[in-house]
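Presented below is the structure to which this report refers.
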Amino acid sequence: MPEAVTKPIRRAGDAVADKAMRPALAGAAALLELVDDWAMELNDPKNVEKLARKRGFGIDALTELRDQDLKV
400 MPEAVTKPIR RAGDAVADKA MRPALAGAAA LLELVDDWAM ELNDPKNVEK LARKRGFGID
460 ALTELRDQDL KV
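Counted from 1, the sequence shown has number 428 at position 29 by this note's numbering; the numbering is strictly sequential.
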């Protein structure tokens, strides 16, 4: 096929691929943001203490989690 024919077809294919990838990339970015938020929460000792209490661990301080079985 001559280049004059393949060039527009290639451009159209690239445009379709770009359009198709946008939702996937947006979803991946949202997932990364969610994971980042969770990581930030789990690095905050007050949030970890609150989560542990919610899960039924009777603790007063973060350091008391060392004595707990965290497999649960």
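Beta carbons are placed, not taken as given, at the ideal position from N, Cα and C, and that holds for glycine.
Put simply, the backbone Cα of residue 408 is about 10 Å away from that of residue 414. Here the alpha carbons of residue 445 and residue 437 stand approximately 14 Å from one another.
Between residue 441 and residue 447, the CB-CB gap stays under 8 Å.
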